[in-house]
Every structure is written in structure tokens, then in C-alpha cells.
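Chain order of the listed sequences is H and X.
Counting in the numbering used here, the final residue of the first sequence is number 125, and the numbers go up one at a time with none missing.
Counting in the numbering used here, the final residue of the second sequence is number 301, and the numbers go up one at a time with none missing.
Below is one structure, written out as C-alpha cells; the observations come after it.
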Amino acid sequence: MPQIPSPEVNQRHLDNYLRTHRRKAGLSLRELGMLLAYADECAVSRHERSKTQPPILIAIAYEVIFRTPVAALFPGMRETVELTIEQRLHRFEEELRQRNGKGSRALQLAQKLAWLNERRNIKGA
Amino acid sequence: MLNLPFRRVLTLDLRSRKFGFVVFEGPHTLLDWGIRTHADEKRSLLERRLNNLQSMFAPSIILVRKAVERDRISQPMIRLAIHNLKAFAKRTLITVLLIDESSLHGFFSKEAKINKHDIARMVADRFPELSWRLPPKRKPWQSEPARQSIFDAASLGLFYFAKHVETPQDLKPAPS
């Protein structure tokens with residue numbers, strides 16, 4: 001029996017799992033396209049291959065059809081968005097900390113910082 | 126034992142003119158499966174097919190079942206396909222592992238003597254999404270249905286994950 005090497009583990013999610021869910025359901029591209037009120041299968045195929053991103057209504061429709069949350073259907077996309085937003089929030093927080101304010105401005109600043117802190121704790125929990 | 130969630134494995138049952146494939150993500154999830162042709166006058170067809178699979182699923186390893194083709198026409202075609210596959214894997218830095226039929230068969234028939242149909246049934250029991258494609262048991266004079274190739278490819282995945290994750294007891298054939 002051959003010695004089987006353990007491969008490098010691919011930790012990245014796929015961009016989307018639409019194809020997997022569609023194949024599991026036994027649906028053809030055309031049938032899924034029809035359920036989404038597309039004229040043909042091209043749009044679904046492009047979504048599966050991540051050539052284009054589905055509009056929000058179609059993303060919700062995928063969620064309804066496969067009974068799977070959008071974030072689980074598009075984990076790669078979610079990961080990318082999360083990373084970008086977290087970086088922006090981090091920069092935003094740094095900017096806020098450098099700002100000075102008096103009176104209501106100071107209160108508003110404190111509220112934003114408290115929200116950022118709370119948000120971080122929720123995420124960490 | 127490894128138990129990591131994102132091990133994507135592409136398994137191929139390479140024949141002279143077509144191949145069956147299954148993409149696994151871990152031992153319990155099938156991402157995709159099917160049959161593709163690869164024999165035409167251009168040698169790049171296999172590469173294009175593999176490129177599509179690679180760009181869609183980014184597998185970490187490709188397992189290839191070396192089918193036993195005894196006739197003189199198909200043997201060189203399979204050799205060429207394997208050569209092209211290895212060249213593709215080298216370019217894309219994916220590990221390729223050839224597994225011959227005897228090791229695979231030896232693994233599945235540890236306790237009882239079983240044939241390809243029994244293995245296919247085992248695969249279908251484990252992955253119900255494939256069960257509608259399970260070919261009927263063929264008579265000795267009948268030729269093998271094309272879809273058998275999907276099950277042959279899937280059995281490679283079971284073999285691979287059993288080596289890394291599970292114990293062979295999980296892969297016992299279902300009672301008939």
C-alpha cells in the first residue's frame with residue numbers, strides 16, 4: 001500500500017458553496033435560474049464561478065432556496081468583507097482617539113468609542 | 126489523526142477518453158462530482174478541465190485512480206493523460222498521488238471479498254446525494270456504465286480519508 005502524504009491544509013474558504021448546494025439538491029443550472037426568475041442559466045453559472053456577485057435580492061433568494069444563511073453560502077466573500085471592514089474600523093478608532101472635543105462633541109466621541117469597545121467584546125465572546 | 130476542516134481533495138478516475146471526478150472537503154462533504162471527457166486532437170483539453178476544477182475548488186491534493194486498461198489502444202492514452210496531469214500539477218504546485226486498483230481493492234476488501242459495485246454502494250450509502258447515480262449491478266457481458274467512474278473516484282476519497290481521519294470500520298459495506 002502506498003504511503004499517502006498529508007497535503008498542506010487549505011485554510012481558505014471557497015468563495016461560495018452555491019454549486020455544492022445545487023448539486024446536493026439535484027437542481028440543474030437552468031432550474032435554479034428559473035426559480036430565481038432568470039431567463040437562462042448564465043447568471044447562476046457566473047455566480048457559482050464567482051465571475052459576478054449576486055445582487056442582494058438574489059443572495060437572499062439563494063438563502064431561502066437552500067435554507068442556508070448567506071454568510072454560509074458565501075463564506076469566502078464574507079471573510080474578505082470582514083477583513084476589510086475590521087481594518088477600516090481599526091483605522092477609524094485610531095482617528096477617533098486622536099480627536100479632541102468639548103461638551104456634546106466629547107460625549108458623542110465617547111459614545112462611538114464605547115460602541116467600538118462593546119462591538120469588540122461581542123465579537124470576542 | 127488529522128481532523129481539519131478544509132482539506133479539499135480532488136479525486137480522479139482517469140480513463141482513456143474521460144475521467145470521473147469528485148471534490149471532497151473533509152471526509153463528509155462532497156463539493157462537486159461528475160464526468161468529463163478529455164480526449165480530443167488537442168492535448169490541452171485535460172489541462173483546461175483540470176484548470177476549471179482547480180480555479181473553482183483549489184484542491185490541496187489530487188488523487189488519481191490508475192484504471193487497468195488492458196488493450197493496446199487505451200494504455201498509451203492513459204499514460205499520456207497521466208503525464209499531462211503530472212505536468213499540470215507541477216505547474217500549479219499540487220501534490221498528485223497515483224493509487225493503483227490493487228491497493229484500493231485490498232483496502233476495501235479487508236474482511237469480505239467485494240467488487241466494484243459493492244464499493245459503489247458503500248459510497249452511495251455514505252453520500253446520499255450520489256445514490257441516484259448508482260448504476261445497477263451489471264452482468265458480466267454488459268459494459269460498465271460511464272457513471273461508475275464517479276463512484277470509482279469517490280472511493281479514492283474514502284480510502285484517503287480513512288488513512289488520515291477515520292478507522293476502516295466506518296467503511297464497512299452496508300448489508301445487502
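Think of the CB as a built atom: it goes at the ideal place given N, C-alpha and C, for glycine as much as any other residue.
Note that this is a predicted model, so its numbers are computed, not measured.
Chain X contact for residue i (CB, 8 Å cutoff)
i	result
residue 20 of chain H	yes
residue 120 of chain H	no
residue 113 of chain H	no
residue 24 of chain H	yes
residue 49 of chain H	yes
residue 14 of chain H	yes
Residues bridged to residue i (per DSSP)
i	result
residue 145 of chain X	X:138, X:160
residue 189 of chain X	X:137, X:223
Where residue i falls: helix, strand or coil (DSSP)
i	result
residue 211 of chain X	helix
residue 155 of chain X	strand
residue 150 of chain X	strand
residue 39 of chain H	coil
residue 100 of chain H	coil
residue 240 of chain X	coil
residue 269 of chain X	coil
residue 121 of chain H	helix
residue 253 of chain X	helix
residue 26 of chain H	coil
residue 180 of chain X	helix
residue 87 of chain H	helix
residue 53 of chain H	coil
residue 201 of chain X	helix
residue 20 of chain H	helix
residue 74 of chain H	coil
residue 235 of chain X	coil
residue 68 of chain H	coil
CA-to-CA distance, residue j to residue i, given in whole angstroms
i	j	result
residue 282 of chain X	residue 65 of chain H	29 Å
residue 45 of chain H	residue 115 of chain H	41 Å
residue 82 of chain H	residue 71 of chain H	11 Å
residue 109 of chain H	residue 89 of chain H	14 Å
residue 42 of chain H	residue 204 of chain X	36 Å
residue 149 of chain X	residue 91 of chain H	39 Å
residue 271 of chain X	residue 93 of chain H	60 Å
residue 39 of chain H	residue 33 of chain H	7 Å
residue 206 of chain X	residue 285 of chain X	22 Å
residue 244 of chain X	residue 191 of chain X	16 Å
residue 208 of chain X	residue 118 of chain H	57 Å
residue 174 of chain X	residue 213 of chain X	11 Å
residue 164 of chain X	residue 122 of chain H	55 Å
residue 120 of chain H	residue 107 of chain H	20 Å
residue 22 of chain H	residue 37 of chain H	16 Å
residue 51 of chain H	residue 179 of chain X	15 Å
residue 139 of chain X	residue 145 of chain X	7 Å
residue 156 of chain X	residue 112 of chain H	43 Å
residue 235 of chain X	residue 222 of chain X	22 Å
residue 14 of chain H	residue 182 of chain X	7 Å
residue 84 of chain H	residue 289 of chain X	35 Å
residue 153 of chain X	residue 216 of chain X	29 Å
residue 86 of chain H	residue 77 of chain H	14 Å
residue 260 of chain X	residue 147 of chain X	16 Å
residue 267 of chain X	residue 19 of chain H	33 Å
residue 211 of chain X	residue 241 of chain X	26 Å
residue 250 of chain X	residue 35 of chain H	29 Å
residue 233 of chain X	residue 269 of chain X	20 Å
Cutoff 8 Å: residue i Cβ touching any chain H Cβ
i	result
residue 182 of chain X	yes
residue 172 of chain X	no
residue 144 of chain X	no
residue 269 of chain X	no
residue 226 of chain X	no
residue 279 of chain X	no
Short CB-CB distance (under 8 Å) between residue i and chain C
i	result
residue 157 of chain X	In the structure shown, chain C does not exist; the protein chains are H and X.
Q | Three or more C-beta pairs below 8 Å linking the stretch 54-69 of chain H and the stretch 94-109 of chain H | A | no
Q: Please confirm if the stretch 267-287 of chain X is in contact with the stretch 249-259 of chain X, defined as three or more CB-CB distances below 8 Å between the two stretches.
A: yes
Q. Touch check for the stretch 151-166 of chain X and the stretch 28-43 of chain H: three-plus C-beta pairs under 8 Å?
A. Here the stretch 151-166 of chain X does not lie against the stretch 28-43 of chain H, with fewer than 3 beta-carbon pairs under 8 Å apart.
Q: Examine the Cβ distances between the stretch 134-151 of chain X and the stretch 173-186 of chain X and report whether three or more of them are shorter than 8 Å.
A: yes
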